[in-house]
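So for the sequence shown, this note's numbering puts the first residue at 354; every next one is plus one. Here the structure is laid out as structure tokens; the discussion comes afterwards.
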Amino acid sequence: MKKNIHLRLVWEQFLKNETDVLHDLMSEDIKLSWYYSKENKVNPYDGKAVNVLTPEKLKKRQKENEFLLSLSAPYIEQLASLLKGWRYITTITDKDGYILAENGERTVQKEAQKILFSEGSKWIEEEIGTNAIGIALRLEKSISVMGYEHFAKASQNWNCSAAPIFNHRDELVGVFNVSSVYRSINYDYILACVQLIANSISLAWKEQMQTDMRYLQEAYKSCKDNTVVSLYDGTICSMSSNLYANYREFIAESIETMLQHTNMMFVKQPVPIQEKERIIGYVYTLSPIQEDPTLEFKGITGTSTVYKEILHEVKMVAPRSTSVHLHGETGVGKEVLARTIHQNSKYSSGPFQTINCGALPDNLLESELFGYESGAFTGANRRGYIGKIEQANGGTLFLDEIDAMPLAMQVALLRVLQEHRLTRIGGKEEISLHFRLITASNKDIRTMVQEGAFREDLFYRIYVFPIYIAPLRERKKDIKYFIRHYLKQQQWFPSWQDRLEEVFIEGDWYGNVRELFNALERCDVLYRHTSPTNEQLRHLLSVLKPNHFKETQEQWSLTEKIERDKIINLLEEHDGNVMKVAKLLSISRATIYRRMKKYKI
354 MKKNIHLRLV WEQFLKNETD VLHDLMSEDI KLSWYYSKEN KVNPYDGKAV
404 NVLTPEKLKK RQKENEFLLS LSAPYIEQLA SLLKGWRYIT TITDKDGYIL
454 AENGERTVQK EAQKILFSEG SKWIEEEIGT NAIGIALRLE KSISVMGYEH
504 FAKASQNWNC SAAPIFNHRD ELVGVFNVSS VYRSINYDYI LACVQLIANS
554 ISLAWKEQMQ TDMRYLQEAY KSCKDNTVVS LYDGTICSMS SNLYANYREF
604 IAESIETMLQ HTNMMFVKQP VPIQEKERII GYVYTLSPIQ EDPTLEFKGI
654 TGTSTVYKEI LHEVKMVAPR STSVHLHGET GVGKEVLART IHQNSKYSSG
704 PFQTINCGAL PDNLLESELF GYESGAFTGA NRRGYIGKIE QANGGTLFLD
754 EIDAMPLAMQ VALLRVLQEH RLTRIGGKEE ISLHFRLITA SNKDIRTMVQ
804 EGAFREDLFY RIYVFPIYIA PLRERKKDIK YFIRHYLKQQ QWFPSWQDRL
854 EEVFIEGDWY GNVRELFNAL ERCDVLYRHT SPTNEQLRHL LSVLKPNHFK
904 ETQEQWSLTE KIERDKIINL LEEHDGNVMK VAKLLSISRA TIYRRMKKYK
954 I
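Written as structure tokens, this is what we have:
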């Protein structure tokens with residue numbers, strides 16, 4: 354009781370912007386959630402649900418999450434017998450925070466209804482403020498939120514404990530929660546029960562998927578030509594003999610992965626397979642598709658011969674699986690062309706993963722690229738980490754500034770490209786991979802090979818189809834099209850547009866398209882409502898020449914500023930010992946490195 358009274362005073366002072374009042378009465382997760390709630394402009398004097406589904410939409414969500422609800426039901430019944438007379442309610446939410454099911458004491462449910470905490474309500478931090486369900490969804494961890502630890506008044510008579518639920522792919526699918534308006538409940542015991550039930554549901558999910566897989570494989574040993582059978586989530590169990598002859602490596606992969614790596618497509622809607630009134634899988638009918646020879650380009654199309662040739666090369670290589678290397682100065686639009694190649698390839702429905710090899714320290718780059726298993730090193734995320742290469746499976750991996758990749762890491766990348774397999778750091782399992790590789794550099798890696806700064810064997814793997822992207826000063830005809838694109842985007846149509854184009858075409862644009870857009874933005878700020886002279890426009894160009902402008906400070910939110918300052922202070926206090934700081938913050942070393950990169954520490 355005393356703690357709650359103190360927290361009420363802390364809450365009142367916090368609302369008066371006295372942020373230094375936060376102290377040891379609250380955990381770091383609760384403190385940061387208060388800031389997060391404030392940044393999202395949650396009304397601290399309200400906190401009732403603002404997003405409530407109609408009965409029809411609620412039924413639709415319940416149907417979509419039928420498997421989650423059916424797995425949860427027996428565990429909730431067991432808890433009811435353990436907590437009989439404890440005056441509580443339980444809730445199951447989906448991954449978006451919508452309450453799908455609510456059970457418990459009727460009197461407590463009536464109290465919950467007063468704040469619209471009931472089936473169909475969306476219970477997330479961004480709308481409700483600090484609460485156990487919202488934090489469990491955002492952080493994917495179990496937590497209790499008691500009384501005045503809630504940010505908004507509506508929930509401050511409640512004590513809540515919540516834990517995340519994961520599927521067989523370790524993806525968040527929902528949250529299990531126990532809430533009570535009475536303070537007599539032992540919430541250490543309740544949190545342990547909630548964690549146990551959430552973990553049990555997650556385990557039951559995985560076991561049921563294995564059972565369904567075995568059943569479908571046995572039941573559909575023989576099926577018609579061009580037929581694929583999958584679990585309800587799209588994981589392939591079996592396929593017809595004519596497909597198996599060519600595509601058996603896609604067994605246990607998702608149907609989307611198979612479509613991404615073959616020239617097959619759906620002929621009709623999949624047919625559901627039911628077992629005991631539950632959909633456990635689908636039967637798909639496929640057929641070959643014709644490649645579309647046209648190029649879908651979402652960038653800005655110019656008229657210069659140079660750029661037309663670049664787009665022609667992109668159009669020719671995109672439908673194939675050939676490795677592409679993009680070479681050009683900083684700011685010429687290498688990532689735009691990489692995305693264009695991806696969007697016009699058979700990998701387009703898969704992920705497009707990008708990483709800048711020159712922007713990360715060597716040890717962090719290795720983790721980001723190859724991933725790691727749980728416990729691979731001290732401070733590693735307890736659930737491990739799926740690296741960018743593995744995340745690109747079924748899609749395209751874009752390695753920017755590959756010239757900055759350390760030689761030792763080049764060896765590991767070469768092995769992945771040769772064997773189409775990857776082993777995470779600290780792991781033993783080899784993961785089969787299929788992806789399109791696009792690389793980029795602003796240096797000539799042919800010269801680097803001659804100088805011994807880049808491995809020759811990797812060079813021949815990535816330099817199969819090089820595309821040189823000419824700088825903007827070599828294709829000045831295109832400048833006016835970039836200008837017109839910017840003006841249209843900003844809904845700005847100055848009467849002096851012709852003069853703007855004439856003056857800007859005079860520029861050298863050593864920063865290329867990026868520098869051009871910076872100049873246009875500055876021009877917009879200064880002259881949207883006035884007409885500048887040609888000299889004023891030329892002066893604007895001189896201000897924006899390379900090496901003539903300083904890097905501006907990042908605009909971080911209040912929560913981010915607090916987190917950044919805390920990390921800086923701890924690093925200074927412990928002489929830059931990242932492992933020690935990670936331990937103090939109860940996060941992994943990899944997370945610390947990501948945040949150091951984010952905050953430019």
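Backbone N, C-alpha and C define an ideal beta-carbon position, used for all residues, glycine too. Just so it is clear, the structure is predicted and the values come from calculations on it, not from any experiment.
Selection 693, 472 and 715 evaluated against residue 413 yields 472 as nearest (Cα-Cα). Shortest Cα-Cα distance from residue 681 to any of 378, 784 and 866 involves 866.
Distance check between residue 450 and each of 383, 518, 924 and 936 places 518 closest, using alpha-carbon atoms only. Listed in chain order, the alpha helix (DSSP H) runs fully inside the segment 596–643 are 608–614, counting runs of at least 4 residues. Rounded to whole angstroms, the gap between the alpha carbons of residue 432 and residue 439 is 11 Å. The straight-line gap separating the alpha-carbon atoms of residue 814 and residue 806 is approximately 16 Å.
For residue 446, there is no enclosing alpha helix (DSSP H); the residue is found in the beta strand (DSSP E) stretching over 442–447. The straight-line gap separating the alpha-carbon atoms of residue 885 and residue 878 is approximately 12 Å. The C-beta distance from residue 404 to residue 475 rounds to 4 Å, short enough to meet the 8 Å contact threshold. In the DSSP assignment, no residue is bridged to residue 473.
Residue state for residue 670 is assigned as helix, using DSSP reduced to three classes. Residue 408 is classed as exposed because its beta carbon has fewer than 16 other beta carbons within 10 Å across all chains shown.
Look at the segment 385–427 and you find these whole runs of alpha helix (DSSP H), each 4 residues long or longer: 408–417.
Less than 9 Å separates the beta-carbon of residue 863 from that of residue 824. At a Cβ-Cβ threshold of 9 Å, residue 765 and residue 812 do not count as neighbours. Under the Cβ criterion (8 Å, minimum of three pairs), the segment 478–486 counts as touching the segment 496–509.
Nearest neighbour of residue 465 by Cα position, chosen from 800, 442 and 551, turns out to be 442. The continuous alpha helix (DSSP H) containing residue 835 extends over residues 832–842.
Where residue 801 is concerned, the enclosing alpha helix (DSSP H) starts and stops at 798–803. The three-state reading of DSSP puts residue 568 in helix, counting H, G and I together. Runs of the alpha helix (DSSP H) lying entirely within the segment 773–828, each at least 4 residues long, are 798–803 and 809–815 in chain order. If you draw a straight line from the Cα of residue 780 to the Cα of residue 700, it is about 27 Å long. Relative to residue 856, the option among 842, 833 and 868 whose CA is nearest is 833. Residue environment analysis places residue 362 among the exposed positions, since fewer than 16 neighbouring C-beta atoms fall within 10 angstroms of its C-beta. A straight-line Cα-Cα distance of about 14 Å links residue 553 and residue 515. Assignment of beta-bridge partners to residue 864 by DSSP yields no partner. When secondary structure is reduced to three states using DSSP, residue 712 falls in the coil class, being assigned neither helix nor strand. Judged by DSSP in its simplified three-state form, residue 853 adopts helix. Ranking 947, 605, 453 and 581 by CA distance to the CA of residue 621 puts 581 first.
For residue 566 and residue 624, the gap between their C-alpha atoms comes out near 17 Å. Around the beta carbon of residue 522, a 10 Å sphere encloses fewer than 16 other beta carbons of the protein chains shown; the residue is thus reported as exposed. Closest in C-alpha terms to residue 666, from the list 595, 690 and 685, comes 690.
Exclusion of the five residues before and after residue 870 leaves 839 as the residues of its chain whose Cβ lies within less than 7 Å of its Cβ.
In this structure residue 550 is buried. Its beta-carbon is surrounded by 16 or more other beta-carbon atoms within 10 angstroms.
In this structure, 861 is the residue among 795, 861 and 836 with its C-alpha nearest to the C-alpha of residue 827. Within 10 angstroms of the beta-carbon of residue 761 lie fewer than 16 other beta-carbons, which makes it exposed.
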